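A quick write-up on the structure given underneath.
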Amino acid sequence: MKTLLTGGAGYIGSHTAVAMLEAGHEVAVVDNYYNSSPEAIRRVEQITGKSVTLYEADAADKEKMREILKAEMPDCIIHFAGLKAVGESVAKPTEYYRNNIDTTLTLLEVMKELGLTNFVFSSSATVYGEDNVPPFLETMPKGACTNPYGWTKWMQEQILRDAEFASNDTLSVVLLRYFNPVGAHESGMIGEDPQGIPNNLMPYISQVAVGRRDHLTVFGDDYDTPDGTCRRDYIHVMDLAEGHVRAAEYAVSHKGTEVFNLGTGNPYSVLDMVNAFSKACGHQVKYEIGPRRAGDVQDSWANADKAKAVLHWEAKRGIDEICRDAWKWQSNNPQGYGE
Ligand code: NAD
Ligand code: UDP
15 MKTLLTGGAG YIGSHTAVAM LEAGHEVAVV DNYYNSSPEA IRRVEQITGK
65 SVTLYEADAA DKEKMREILK AEMPDCIIHF AGLKAVGESV AKPTEYYRNN
115 IDTTLTLLEV MKELGLTNFV FSSSATVYGE DNVPPFLETM PKGACTNPYG
165 WTKWMQEQIL RDAEFASNDT LSVVLLRYFN PVGAHESGMI GEDPQGIPNN
215 LMPYISQVAV GRRDHLTVFG DDYDTPDGTC RRDYIHVMDL AEGHVRAAEY
265 AVSHKGTEVF NLGTGNPYSV LDMVNAFSKA CGHQVKYEIG PRRAGDVQDS
315 WANADKAKAV LHWEAKRGID EICRDAWKWQ SNNPQGYGE
């Protein structure tokens with residue numbers, strides 16, 4: 015199968031490129047390097063010994079995307095490209111709505127022109143909102159999001175559903191709701207490389223462990239959980255990547271819209287992650303307890319049964335492997351790709 019990954023030089027896209035190539039599929043990548051580096055794709059090629067066709071382009075640029083998609087005519091498009099920083103989305107909502115929604119609309123329009131039919135979308139558990147009680151099931155109603163980033167995912171899901179509905183059984187849309195992607199490829203050659211101060215827990219812990227930051231602030235220890243800190247469903251990025259291989263294979267052989275949670279089904283607290291990482295890196299990761307972070311939900315984890323039943327996929331790696339691989343990436347590349 016021929017796949018085209020928008021945002022494929024990013025964190026999840028680059029790991030998915032490895033999994034796709036290893037499964038015997040072809041990979042083309044479109045990225046504008048807003049939050050990534052072509053170096054990630056060079057390393058994907060090193061890991062797999064296979065080549066990737068790389069296009070530097072904005073996925074919202076219709077003329078450019080028409081040219082690229084015409085040249086590639088992929089069996090399946092996996093749409094990772096997007097802006098993803100929750101806090102930044104509150105400060106810059108129009109940039110987030112413009113970039114995230116425009117890219118999706120452009121792809122749908124060009125796909126229609128060229129008769130391309132299969133689409134896999136990077137959605138997020140954030141669409142379950144604050145009122146659903148975990149484990150989250152795909153059949154639960156979507157909730158109200160707490161920030162513009164979340165709303166862009168919510169809206170893109172709706173746009174894709176509506177486009178598929180109107181396509182008279184032509185389109186195949188797979189909406190993947192990721193839980194908390196963490197870790198790195200086992201080689202330690204590719205991993206998460208956030209710009210500036212990390213917003214997310216795992217890259218923050220990694221940078222404390224490697225000495226780039228002094229300590230982690232744990233956002234609240236007064237939640238109604240066993241140790242008082244929030245719980246999340248942390249999924250190894252290579253498990254997530256393998257989920258995309260199954261999802262794309264599913265997309266090309268079905269029509270309609272399907273939603274899948276990609277998570278492990280197992281919740282871990284912030285302190286569980288600090289302790290597991292401390293074990294992996296061989297020293298205690300320094301932390302202090304701080305106030306709660308606005309917009310955080312107490313608990314979020316998946317019911318991952320549907321992906322297992324339909325895609326024959328389930329997460330295989332646990333938090334020890336997650337922390338081992340994240341540490342390997344961080345300690346081999348203390349400044350990320352920027353060295
Ligand atoms: P990332 O920032 O590492 O990757 C996104 C990639 O898209 C980057 O390489 C960026 O340069 C590129 N990009 C952004 N706008 C573009 C545009 N207009 N044209 C071309 N390229 C563009 O992020 P990631 O963690 O790999 O996330 C991938 C997708 O998964 C995103 O849509 C994100 O919202 C979604 N997601 C991520 C998480 C997470 O925790 N990482 C969770 C749920 C959903
Ligand atoms: N968290 C934290 N300190 C940090 C970053 C995150 O305590 O510096 C906590 C956060 O409050 C949440 C969990 O770690 O309970 C996961 O946060 P992340 O931002 O990684 O993911 P999300 O909140 O989007 O699930």
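When you line the sequence shown up against our numbering, it's residues 15 to 353, in that order. Heads up, the beta-carbon is just placed ideally off N, CA and C, and yes, glycines get one too. None of these values were measured; they are calculated from a predicted model.
Counting along the chain, V266 sits inside the alpha helix (DSSP H) bounded by residues 251-267. I55 and R112 have their C-alpha atoms some 26 Å from each other.
A contact between stretches requires three or more CB pairs, one per stretch, nearer than 8 Å, and the stretch 335-342 meets this requirement with the stretch 288-306.
In summary, D247 is buried, with 16 or more beta-carbon neighbours lying within 10 Å of its beta-carbon over all protein chains present. In the three-state reduction of the DSSP assignment, L185 falls in the coil class. At a cut-off of 7 Å, the beta-carbon of R307 counts as near the ligand UDP: some heavy atom of the ligand is closer than that.
Between the ligand NAD and the CB of T20, the shortest heavy atom gap is smaller than 7 Å. For Y69, the enclosing beta strand (DSSP E) covers residues 67-70. Non-local beta-carbon contacts of T17 in its own chain, meaning distances under 8 Å to residues more than five positions away in sequence, involve M34, H39, E40, V41, A42, P88, D89, C90, I91, I92, A262 in chain order. With distances taken between CA atoms, N46 lies nearest to G96 out of E302, G96, H29.
Taking V124 as the centre and dropping the five residues before and after it, the same chain places the C-beta of M79, R80, L83 closer than 6 Å to its C-beta, in chain order. In the DSSP assignment, the residues bridged to L276 are Y192. Listed as beta-bridge partners of T231 by DSSP are E302. Around the CB of I249, 16 or more other CB atoms lie within 10 Å, so the residue is classed as buried. The DSSP-derived three-state label of C90 is strand. Taking a cut-off of 8 Å for Cβ pairs, the stretch 102-111 and the stretch 260-275 do not touch, as fewer than three such pairs fall below it.
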